[in-house]
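> I have a structure here, written as structure tokens, and I will follow up with some questions on it.
Number of protein chains: 2
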Amino acid sequence: MVRLLAGREVVDSLEDDLTPRVASLAARGITPTLAVVRMGERPDDLSYERTAARRAAGLGIGVRSLALAADAPFDELARAIEAVNADASVHGCLMFRPLPPHIDEARACDLLLPAKDVDGITSLSLAGVFAGAPQGFPPATAQACLEVLDHYGVPVEGKHVVVVGRSLVIGRPVAMMLLGRNASVTLCHSKTEDLESLTRLADVVICATGRPRAFGAAYFRPGQTVLDVGINFDAQGALCGDVDFDAAGSVLGDAGSITPVPGGLGSVTTSVTMAHVVQAAEKIAEG
Amino acid sequence: MVRLLAGREVVDSLEDDLTPRVASLAARGITPTLAVVRMGERPDDLSYERTAARRAAGLGIGVRSLALAADAPFDELARAIEAVNADASVHGCLMFRPLPPHIDEARACDLLLPAKDVDGITSLSLAGVFAGAPQGFPPATAQACLEVLDHYGVPVEGKHVVVVGRSLVIGRPVAMMLLGRNASVTLCHSKTEDLESLTRLADVVICATGRPRAFGAAYFRPGQTVLDVGINFDAQGALCGDVDFDAAGSVLGDAGSITPVPGGLGSVTTSVTMAHVVQAAEKIAEG
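Protein sequence lines, in the order shown, are assigned to chains H and G.
Here the first sequence is numbered in the working numbering, starting from 1 and rising by one per residue.
Here the second sequence is numbered in the working numbering, starting from 288 and rising by one per residue.
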């Protein structure tokens, strides 16, 4: 049977590392604190906000919610971000995207101080990821993929990783971060011809397209490692990934491994965000 | 016989476009001007500087040389870059790299105004390339690859491009720019296992490793397009590319194409730099 790369184990390991660090900050009177900037009331955002708040509370990390109306003008969003920048008691900021269409998203992202950019949305953070020379933090979902590979000891140096999906949140940054680990990396997307042949070549396949169960048996071969970044709902309203788990699992076989959805990368991403907030607080505390 | 993708044709086409634009700027009293910042007297740099000056003169573009001693301190380099930034009569800046080891290269690059960064060396320029949302200019060598593919009508949308070499000057930026053209892109490097199998898969291979004639017949198959970015000298002191031209050419065959060295991408890169200087001058003139 295919090996399950469960997120829970990775989360536990990350939290074991964070707990004493948060305690040490608390002893100095510092509560690592995350600001969550949200426009409107998208159910996905609200759900993630609740999860993040619960996880943060368990770790002793503070969360402050800055909720704006979906039709709030750019200036109001800008003032909220500038308030986050100016507030010394806030160490990291997560801004839900996509922002409403009337907002210039790239301009809004670049208002945030890179030091508080725990989800890698500013130009400087992205340039750091691209250059392999960290400035700020990498996007949390991309970092979560590396945490899973590291935790389960999946080798990447010299190996071929195929990433399907080219967003700035996951596809492009995870490709660059794996390149930094000396993987050979192929970036594929909706326009890729003969995608199945490319994914079957890979040692590691990362699926990040947001298309429910789009990756069936034909995309895989025995022995591969598959990271399923998708968090989708199928026609019946059930949570599912980009990968058809049963079909893929039967092809991957005993030597293969795969992250489940739910229970895979999603929860790790939340932990990585928390880790970035703690790291940001530590950096400021160290002056 | 393999088709030769000669740089001369691309240069002529780029210069045909630039000539009236420079004339139109001249009519408004503006001479598009490139500052060349150089530390030390590396023969490669001096040779490129002469070539650039000759090409610029032919086009009516000004060149100013800012030469510093190889052991000049960081502050002296910083003052030179700040002088470029402040000088309204300078529209673009090329800084030869690698800088000497005592200089923090990334910090030096980020002193340059992105608007004058005609070779894509600042964090903001690189973030723009990574995000597919131009800020400043892309690295000239990476842009030169696209100019050659465009000029000779080589399709890339949906096609598989394998880039060997992951520098910020060429490998990584050209990969992102081709991704922006909807190619599937694989980034390979010195740690890639079984590189020959990967390059043989590609529709287009871009060799940018700086290893003289390292890519022989085994790396290619009939019908591929090969861009040879290398500018190397062999043991006999002869200029050569990364590709063993004769061996590769015989495999690529009638349906294949390849850029020669010399006479390939090098001269196109110089023209792209000139095009960026003119574009920078036009942007400033338009206010």
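By construction, the Cβ of each residue, glycine as well, lies at the ideal position given by its N, Cα and C atoms.
Have a look at H:Asp234, H:Phe233, H:Ala238 and H:Ile258 and flag the residue whose alpha-carbon is nearest the alpha-carbon of phenylalanine 245 of chain H.
Of H:Asp234, H:Phe233, H:Ala238 and H:Ile258, the residue nearest in Cα terms is H:Ile258.
> Determine contact between the region 387-398 of chain G and the region 429-448 of chain G, defined as no fewer than three beta-carbon pairs at a distance below 8 angstroms.
Result no; under three Cβ-Cβ pairs closer than 8 angstroms.
> Got a sec: is the Cβ-Cβ distance from alanine 131 of chain H to anything in chain G below 8 angstroms?
Chain G, which has a Cβ nearer than 8 angstroms to the Cβ of alanine 131 of chain H, makes this yes.
> Would the region 166-184 of chain H and the region 199-217 of chain H be scored as touching if the rule is three or more Cβ pairs under 8 angstroms?
Segments in contact, yes.
> Could you have a look at phenylalanine 520 of chain G and say whether DSSP puts it in helix, strand or coil?
Looking at phenylalanine 520 of chain G - three-state DSSP - the assignment turns out to be strand.
> For serine 167 of chain H, would you say it is in contact with chain G, using Cβ-to-Cβ distances shorter than 8 angstroms as the test?
Chain G contact via Cβ: absent.
> For the 8 angstroms Cβ check, are there 3 or more pairs between the region 123-140 of chain H and the region 408-416 of chain G?
The region 123-140 of chain H, when compared against the region 408-416 of chain G, does touch it at the 8 angstroms Cβ threshold.
> Taking the beta strand (DSSP E) that valine 565 of chain G belongs to, which residues open and close that run?
Segment 552-572 is the alpha helix (DSSP H) holding valine 565 of chain G; no beta strand (DSSP E) there.
> Chain H partners of alanine 572 of chain G, CB-CB under 9 angstroms?
Residues of chain H passing the Cβ test: none, with the nearest at roughly 25 angstroms.
> Rounding to the nearest angstrom, what Cα-Cα distance links alanine 67 of chain H and valine 565 of chain G in this structure?
Rounded to the nearest angstrom, the two C-alpha atoms are 46 angstroms apart.
> Counting only C-beta atoms, is cysteine 475 of chain G closer than 8 angstroms to chain H at any point?
It does; some Cβ of chain H falls within 8 angstroms.
> By the DSSP assignment, the beta strand (DSSP E) with methionine 326 of chain G in it spans what residues?
It spans 320-326 - the beta strand (DSSP E) in which methionine 326 of chain G sits, taken as one unbroken run.
> Decide if the region 426-435 of chain G is in contact with the region 512-519 of chain G; the criterion is three or more beta carbon pairs, one per stretch, under 8 angstroms apart.
Yes: the two stretches touch, three or more of their Cβ pairs being nearer than 8 angstroms.
> If contact is defined by three or more beta carbon pairs under 8 angstroms, each pair taking one atom from either stretch, is the region 551-570 of chain G in contact with the region 316-333 of chain G?
The region 316-333 of chain G, when compared against the region 551-570 of chain G, does touch it at the 8 angstroms Cβ threshold.
> Assuming alanine 354 of chain G is part of the alpha helix (DSSP H), what are its boundary residues?
Unbroken run through alanine 354 of chain G is the beta strand (DSSP E), 349-355; no alpha helix (DSSP H).
> Using the beta-carbon of each residue, which ones in chain H are nearer than 8 angstroms to lysine 403 of chain G?
Neighbours of lysine 403 of chain G on chain H: none; closest Cβ ~17 angstroms, over 8 angstroms.
> Give me the Cα-Cα distance between valine 323 of chain G and proline 401 of chain G, rounded to the nearest whole angstrom.
Their backbone Cα atoms lie some 15 angstroms apart in a straight line.
> Could you work out which residues of chain H lie near threonine 479 of chain G, taking near to mean beta carbons separated by less than 7 angstroms?
Here the neighbours are Gly158 and Ser184.
> Would DSSP call serine 184 of chain H helix, strand or coil?
Residue state, collapsed to three classes: strand.
> Determine, for alanine 106 of chain H, whether the minimum Cβ-Cβ distance to residues of chain G falls below 8 angstroms.
Taking Cβ atoms only, chain G reaches closer than 8 angstroms to alanine 106 of chain H, which makes this a yes.
> Establish whether the CB of alanine 414 of chain G and some CB of chain H are separated by less than 8 angstroms.
Answer yes: the Cβ-Cβ gap between alanine 414 of chain G and chain H drops below 8 angstroms somewhere.
> Kindly list, in the order they appear in chain G, the residues whose Cβ is closer than 7 angstroms to that of leucine 179 of chain H.
The contacting residues are Arg453 and Leu474.
> Below 8 angstroms on the Cβ atoms is my guess for valine 548 of chain G versus phenylalanine 502 of chain G; work out the distance and round it to an integer in Å.
The pair is not a contact, with the Cβ atoms about 12 angstroms apart (cut-off 8 angstroms).
> Which one or two residues does DSSP pair with methionine 382 of chain G in a beta bridge?
DSSP lists G:Val324 as partners of methionine 382 of chain G.
> Would you grab the beta carbon distance between tyrosine 506 of chain G and leucine 292 of chain G for me? Rounded to a whole angstrom, and I think it's under 8 angstroms.
About 17 angstroms separates the two Cβ atoms, so there is no contact after all.
> Looking at chain H, which residues of the region 481-510 of chain G have a Cβ within less than 7 angstroms of any of its Cβ atoms?
Here the close residues are Leu485.
> In chain G, which residues lie less than 9 angstroms from leucine 111 of chain H when you measure between Cβ atoms?
Those within 9 angstroms of leucine 111 of chain H in chain G number zero; the least Cβ separation is about 15 angstroms.
> Could you tell me which of G:Arg468, G:Ile408, G:Ser558 and G:Asn519 sits nearest to aspartate 303 of chain G, measuring between CA atoms?
Aspartate 303 of chain G has its Cα closest to that of G:Ser558, out of G:Arg468, G:Ile408, G:Ser558 and G:Asn519.
> What do you reckon, are the CB atoms on aspartate 521 of chain G and methionine 288 of chain G nearer than 8 angstroms?
No, these two residues do not count as a Cβ contact at 8 angstroms.
> List in chain order: all unbroken beta strand (DSSP E) runs of 3+ residues lying wholly within the region 185-253 of chain H.
Complete beta strand (DSSP E) runs here, min 3: 204-207 and 225-228.
> Using a C-beta cutoff of 8 angstroms, does serine 123 of chain H count as contacting chain G?
True, the Cβ-Cβ gap to chain G drops below 8 angstroms.
> For the region 77-98 of chain H, list every residue whose C-beta sits within 7 angstroms of some C-beta in chain G, in sequence order.
Those would be none; no residue qualifies.
> So what does DSSP say about arginine 3 of chain H, is it helix, strand or coil?
DSSP places arginine 3 of chain H in strand when its eight states are reduced to three.
> Are the beta-carbon atoms of alanine 489 of chain G and valine 449 of chain G separated by less than 8 angstroms?
Yes, these two residues count as a Cβ contact at 8 angstroms.
> Compare the Cα-Cα distances from cysteine 475 of chain G to each of G:Ser484, G:Arg468 and G:Asn469 and report the closest residue.
Nearest option by C-alpha distance: G:Ser484.
> For a cutoff of 8 angstroms on Cβ pairs, would you count arginine 172 of chain H as touching chain G?
Yes, because at least one Cβ of chain G sits closer than 8 angstroms to the Cβ of arginine 172 of chain H.
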